[in-house]
Amino acid sequence: MKNPRLFLSPPHMGGREPDFVRQAFASNYIAPLGPMVDAFEKEFSAYTGLPHCVALSSGTAATHLALRHLGVGPGDEVMASTLTFIGSVTPVTFQGAEPVFIDCDESSWNMDPALLEQAIDAAARRGKLPKAVIPTDLYGQPCDLPRIRAICDRHGIPVLCDSAEAMGARIQERHAGADAWAAVYSFNGNKIMTTSGGGMLASHDTELIDHARKLSQQARDPAPWYEHTEIGFNYRMSNILAAIGRGQLEVLDERVQRKREISAGYQARLGGLPGLSFMPEPAGCRSNRWLTVALIDPAAFGADTHAVREALEAENIEARPVWKPMHLQPVFKGCSFRKGQEAVSEKLFAQGLCLPSGTAMTDADLDRVCDIVRSRRP
Ligand SMILES: Cc1ncc(COP(=O)(O)O)c(C=O)c1O
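First residue of the sequence shown: 160, per my numbering; consecutive thereafter.
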């Protein structure tokens, strides 16, 4: 008999979610609005420090509404991290605009601010600045928002931080995304907190959030009948799912702590092996360590990430390569990509392996994963 499957990052309920869901049923707000949505938004704002937010059906929807509000359209460019999940950038194409991908740096694996600056300077010389910049907080590690903001502010370019993976993470004591023009969060089933599926758009800009709220509900104008002066979407979060989110928010700090313990556990068990290292955490950052990611140099380690991943899979353990960079995706063939001498993201894709990081994992599970990783060495 096989061991039960060890997933990369399965949902982990705190216990009070069913109470909130029962309250939602009792109120009969089985709808994409209601008291749970209102309360979830209020508690989310208090937790992150972003004063205005709107709960949506996904993080992708949140990015889409932000770009829509900015009027991004055909002929426009939006600069984004290449090392990310595709949901970070598909909204650029929904709007008919072109993504321009920026490589990451070795010290954070996030968007390299120096490369962003070069790309923006080149764009300024051409007289065509990007309509927005979307840096990702990769695997829950905040990007260098202070530097990215400083570069973009000089040109008045809004920064939409993709903090989809970074709930509970901090940079210089501020919540991930809190100092961007706007930030996007995901509550997909694999995230550190989940509503099964859902997202949040949060900002200091009231106009953005008011407009996004309207756009998320088919852009209905205030009138007794259904009046529409612009095209909207059906992107609002359900009251039932917001109830789950409230329960998840209550235990988020505990989840971050456990994710960080798991990461430290991997580093303690595997850290000394030749050719194996981990995603670095820059000073001032407190990643939520959504996923612990190992970097395996095949020459020094004696096996590559694929061999390690297959050995784990044979034991019913899920591990996954690092995101395939967007500039390598066939669907984005021909899009611009800014890199330094070497494409750091390509190396990370070739050598990076996301390890099981579920917060309900036990130390025995950690031992089991690490024994298998170690066993692949010759
Ligand atoms: C970095 C990143 N951006 C965007 C998204 C999109 O979020 P969602 O799945 O809620 O649409 C995700 C996660 O799924 C993500 O990991």
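Just so it is clear, CB atoms sit at the ideal spot from N, CA and C, and this is done for glycine as well.
Note that the structure is predicted; figures quoted are calculated from it, not measured.
Check whether residue i and residue j have beta carbons under 8 Å apart
i	j	result
Gly131	Phe496	Any question about residue 131 goes unanswered here, given that the chain covers just 160 to 537.
Gly230	Gly255	no
Val415	Gly327	yes
Leu360	Ala371	yes
Ser240	Pro441	no
Gly499	Leu242	no
Thr536	Ala462	Before going on, a small fix: residue 536 reads as Arg here, not Thr. Cβ distance < 8 Å, so Arg536 and Ala462 count as in contact.
Gly348	Glu176	no
Arg417	Thr518	yes
Ile330	Pro272	no
Ser168	Gly356	no
Tyr298	Leu450	yes
Ser446	Val213	no
Any non-hydrogen atom of ligand 1 within 7 Å of residue i CB
i	result
Thr295	yes
Thr353	no
Phe244	yes
Thr252	no
Asp463	no
Gly336	no
Asp321	yes
Thr241	no
Gly404	no
Ser504	no
Glu324	yes
Ser247	yes
Gly517	no
Thr219	yes
Ser168	no
Asn347	yes
Gly127	Beyond the ends of the chain as shown, which are 160 and 537, falls residue 127; an answer cannot be given.
Any non-hydrogen atom of ligand 2 closer than 7 Å to residue i Cβ
i	result
Ser186	Ligand 2 is not among the ligands present in this structure, which contains only ligand 1.
Length at least 3, wholly inside the segment 300–342: the beta strand (DSSP E) runs in chain order
319–321
Which residue spans inside the segment 162–202 form an unbroken alpha helix (DSSP H) run of at least 4?
176–186
Give a yes or no on contact between the segment 423–438 and the segment 483–492, applying the rule of three or more CB pairs nearer than 8 Å.
no
Can you list, in chain order, the stretches of the alpha helix (DSSP H) that have 4 or more residues and sit fully within the segment 343–374?
365–374
Within the chosen definition, does the segment 340–359 reach the segment 308–325 through at least 3 CB pairs nearer than 8 Å?
yes
May I have a chain-ordered list of the beta strand (DSSP E) segments no shorter than 3 residues that lie completely inside the segment 447–531?
451–455 and 511–514
Contact the segment 217–226 vs the segment 239–250: 3+ CB pairs below 8 Å
yes
For the segment 470–487 and the segment 498–513, state whether three or more C-beta atom pairs, one from each stretch, are separated by less than 8 Å.
yes
Would you call the segment 270–282 in contact with the segment 521–536, where contact means no fewer than 3 C-beta pairs closer than 8 Å?
no
Inter-stretch contact (C-beta, 8 Å, three-pair minimum) for the segment 195–203 and the segment 287–306
no
Curious, which full-length beta strand (DSSP E) runs of at least 3 residues does the segment 274–302 contain?
291–293
Please list the segments of the alpha helix (DSSP H) lying wholly inside the segment 375–424, counting only runs of 4 or more residues, in order along the chain.
398–409
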